[in-house]
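Peer 1: Below are the structure tokens for one structure; questions will follow.
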Amino acid sequence: MGKDMVFKNVAKQSHFTLENQNGKTENFRDVDVEDYLADMFEDPDQFVILTAPEPRHKVRYVQACVQDEGIEVELGIQEEGTRLFGKICTEEECYRIFLDFYDGVFVPDMGEYQPVEF
81 MGKDMVFKNV AKQSHFTLEN QNGKTENFRD VDVEDYLADM FEDPDQFVIL TAPEPRHKVR
141 YVQACVQDEG IEVELGIQEE GTRLFGKICT EEECYRIFLD FYDGVFVPDM GEYQPVEF
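Position in the sequence shown (from 1) plus 80 gives the number in the working numbering.
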């Protein structure tokens, strides 16, 4: 049986950050989030991480990558430490999660997510 991954909490930031393996930016719009995700859907070696300036509904960041069974979306839930919870979803659902998180309206149904273990 695996153990939950617990990470150090991310320090408070002044802006959202958007990141993939090509780098990180603070200067972006929602269309850029869509472009990063579209690139990831085309290239299984890509990942995308969107980090909020501070937790929103306990979610510090959302990250995604392509797996054989679909798009794996993980939430960094910040409490004492930051724990990862993930689920497999469609491209459409992945877009929705990222854009809703960016717009500040994403409230995760934690019953849909499982702790990410290592």
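We treat Cβ as the ideally placed atom computed from N, Cα and C, and that holds for glycine.
How many angstroms separate the CA atom of P133 from the CA atom of S94?
Peer 2: Translated into the one-based positions of the sequence shown, residue 133 becomes position 53. Translated into the one-based positions of the sequence shown, residue 94 becomes position 14. Distance between the alpha carbons of P133 and S94: 6 Å.
Peer 1: Have a look at G184 and E173 and give me their C-alpha separation to the nearest angstrom.
Peer 2: As a first step, residue 184 is located in the sequence shown; it is residue number 104 there, counting from the start. As a first step, residue 173 is located in the sequence shown; it is residue number 93 there, counting from the start. Going from the Cα of G184 to the Cα of E173 covers about 16 Å.
Peer 1: Between the C-alpha atoms of C169 and K92, what's the straight-line distance to the nearest angstrom?
Peer 2: As a first step, residue 169 must be located in the sequence shown, where it is residue number 89. As a first step, residue 92 must be located in the sequence shown, where it is residue number 12. Distance between the alpha carbons of C169 and K92 is about 29 Å.
Peer 1: Along the alpha helix (DSSP H) that carries V113, what are the first and last residues, could you check?
Peer 2: Within the sequence shown, the letter at position 33 stands for residue 113. First-last of the alpha helix (DSSP H) with V113: D110 to E122.
Peer 1: Measuring CB to CB, does G156 end up less than 8 Å from Y141?
Peer 2: Position 76 of the sequence shown, counted from the first residue, corresponds to residue 156. Position 61 of the sequence shown, counted from the first residue, corresponds to residue 141. A contact, by the Cβ cut-off of 8 Å.
Peer 1: Would you call E197 buried or exposed, if buried means 16 or more other Cβ atoms sit within 10 Å of its Cβ?
Peer 2: Position 117 of the sequence shown, counting from 1, holds the residue named residue 197. Classification for E197: exposed.
Peer 1: Are at least three pairs of beta-carbons, each pair with one atom in the region 141-155 and one in the region 102-111, less than 8 Å apart?
Peer 2: These segments do not touch.
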